[in-house]
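According to my numbering, the residues represented by the sequence shown are 3 to 396, in order. Ideal Cβ positions, reconstructed from N, Cα and C, are used throughout, including at glycine.
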Amino acid sequence: MSKKGEGSLSWLRDRNRRRVLDVLRIRGHTSQADIARATGLSRTTIHTLISELKDAGMVLEVDGRPASTGSGRPAVQLVLQKTSRAVLGIDFGHSHVQVAVADLAHNVLAERHRDLDVNHRAKEALDFSAEMAAEVLGEVGIDRSRVIGAGIGIPGPVDRERGTAGSATILPGWVGVRIADAMQERLGLPVDIENDANLGALAELTWGAGRDCTNFAYIKAATGIGAGLVIDGALLRGATGTAGEIGHTTLDERGALCYCGNRGCLETVASGPAITRLVAEGNGEAPSLAEVIERASAGDVRCRRAISDAGREIGVAVAGLCNLINPERVIIGGLLSSAGNILLQPLRESIRRHAVQAAAERVDVRAASFVERAELLGALALALRGQRAHEALS
Ligand SMILES: [Zn+2]
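1. Report yes if the CB atom of L237 is closer than 8 Å to the CB atom of N200, and no otherwise.
2. Tell me the residue span of the alpha helix (DSSP H) that contains I295.
3. At the level of alpha carbons, what is the spacing between G342 and T251?
4. Where does R364 fall in DSSP's three states?
5. So the beta strand (DSSP E) A88 belongs to, where does it begin and stop?
6. Reducing DSSP to helix, strand and coil, say where E141 ends up.
7. Could you tell me the distance, in whole angstroms, from the CA atom of A69 to the CA atom of S310?
8. What do you reckon, is the C-beta of E269 under 7 Å from a heavy atom of ligand 1?
9. Report yes if the C-beta distance between L189 and A223 is below 8 Å; otherwise report no.
10. When the Cα atoms are used, what is the spatial distance from L338 to A35?
11. Between which residues of its own chain and I144 is the CB-CB distance below 7 Å, once the five residues before and five after are set aside?
12. Can you name the residues that DSSP bridges to S194?
13. Distance check for E269 and P275, CA to CA, integer angstroms please.
14. Just to confirm before moving on: does the CB-CB distance between G230 and G210 stay below 8 Å?
15. Note down the Cα distance separating P289 from L82, rounded to an integer number of angstroms.
16. Which word fits T71, buried or exposed, when buried means at least 16 other C-beta atoms lie within 10 angstroms of its C-beta?
17. How far does the alpha helix (DSSP H) with G9 in it extend, from its first residue to its last?
18. Give the straight-line distance between the Cα atoms of A362 and R354, rounded to the nearest whole angstrom.
19. Rounded to whole angstroms, what is the Cα-Cα separation between I277 and D254?
20. Hey, would you say the C-beta of N264 is under 7 Å away from at least one heavy atom of ligand 1?
21. Shorter than 7 Å, the distance from the beta carbon of C215 to the closest heavy atom of ligand 1, or not?
22. Following a CB-centred definition, is H2 positioned closer than 7 Å to any heavy atom of ligand 1?
23. For the stretch 190 to 197 against the stretch 374 to 391, are there 3 or more C-beta pairs whose distance is under 8 Å?
24. Among all the DSSP beta bridges, which residues are the ones paired with E237?
25. Within its chain, find whatever has a CB closer than 6 Å to the CB of D93; leave out the 5 residues flanking it on each side and keep chain order.
26. Please tell me whether V160 and G168 are closer than 8 Å, where the distance is taken between their beta carbons.
27. Round the Cβ separation of T85 and L106 to the nearest angstrom and send it over; I've been treating them as touching at under 8 Å.
28. Provide the residue(s) that pair with D161 in DSSP beta bridges, ordered along the chain.
29. Roughly how many angstroms separate the alpha carbons of L345 and R314, rounded to a whole number?
30. I'd like to know whether the C-beta atoms of N121 and H98 end up nearer to each other than 8 Å.
31. Closer than 7 Å: is that where the CB of C260 sits relative to any heavy atom of ligand 1?
32. Tell me which residue opens and which closes the alpha helix (DSSP H) that L346 is part of.
33. Which word fits S25, buried or exposed, when buried means at least 16 other C-beta atoms lie within 10 angstroms of its C-beta?
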């Protein structure tokens, strides 16, 4: 059924204006050409709308950066005028909590980090994050009524329908906790939750190595291995939100038993703990993954071998992914990505060996732009992309 005025000139104009504002809200700095491409509207229409939005004080021109299409002269970039509205991002890692506040022009205004055993202490983590949110808002003088909503990340699968952690083995202290409800209550704000790999993908899509790309796979390789898949510019979540569990791809049916209950999963041979265990074999106490990466970079042959073998194994699973979704780019993130080419080179070779030629020869494998802050930035991006942020600007 059509709404009153639907199809009229003013209705159309208003709808186009909202589409332009949506692109600026979701992408941050953007050129007129990119807005035209994203909305499918003509350059003349965009030009007129942008002029009106500038006159209304809603859009600003900022220093030109290279346009996403690349060649030559930097295009003039547009950004939403700094508004008094803001979003919160909250990242629960396995052993830390991070909180940040950003405005709708994509400026991160303040952030906090706190170490904590998140895996086993869910209630404390939830309480701390709410305190930290109050602290960052206080620091920048933003009243809670100006906050549109919060994006929240947890380091494991998310049951988005129930707002709970989807795996008892990954987050033992979070079983039965209704995270979304609990945070909504503590913050007094609408919240949206997502898993860490999906948030890493959103951070790369919005500000990092996936910004000029609409089809890519983001692989988070750290304590666990997960993928965030961006298809036609949007996250692929699957029927129950577990799309991208690449860490539990079976590589060897007779391999080691995985905590998920299967055997020979990718994580049993290429996750952070698998690498540090391997390095420790016959050498006493297991080093941390960061130490292994540091030693590998300094030339330690055992550490280099452990990381490059992990890269090769990850490449086998990623090759299967390339065959299925044919991404333009594979972005490797997580702590393991800081090993650079020690990890990436064997990973690329493995994709070439195992994926069909058409998918393998075109795929560009590169390191992510963000490591420590990927999930936190992704949580902000999640809140910026939400329906409530759309409504706040309309
Ligand atoms: Zn498994």
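Let me spell this out:
1. yes
2. 291 to 299
3. 23 Å
4. coil
5. Its beta strand (DSSP E) spans residues 88 to 94.
6. helix
7. Reliability fails at A69, whose pLDDT of 46 lies under 50, so the model's placement of it is uncertain and no value is given.
8. yes
9. no
10. Distance between the alpha carbons of L338 and A35: 36 Å.
11. Correct list, in chain order: A88, V103.
12. Position check: residue 194 holds Asp in this sequence, whereas Ser was assumed. Paired residues: G153.
13. 9 Å
14. no
15. 46 Å
16. Unreliable placement is indicated for T71, whose pLDDT of 47 sits below 50; no coordinate value is reported for it.
17. First-last for G9: undefined, no H or E at that position.
18. In a straight line, the C-alpha of A362 is about 5 Å away from that of R354.
19. 17 Å
20. True, at least one ligand heavy atom lies under 7 Å from that Cβ.
21. no
22. Because residue 2 is not part of the residues shown, which for the chain are 3 to 396, the question remains open.
23. yes
24. Note on identity: in this sequence residue 237 is Leu, with Glu being the wrong assignment. Beta-bridge pairing links L237 to V232.
25. Q100, G155, E377, L378, A381
26. Yes; because the gap between Cβ atoms is below 8 Å, this pair is in contact.
27. 5 Å
28. T166
29. If I take the Cα positions, the gap works out to 8 Å.
30. Their beta carbons are not under 8 Å apart, which means N121 does not touch H98 by this criterion.
31. yes
32. Bounds of the alpha helix (DSSP H) holding L346 are 343 to 356.
33. Residue 25 is actually Val in this sequence, not Ser. When all chains shown are included, V25 counts as buried.
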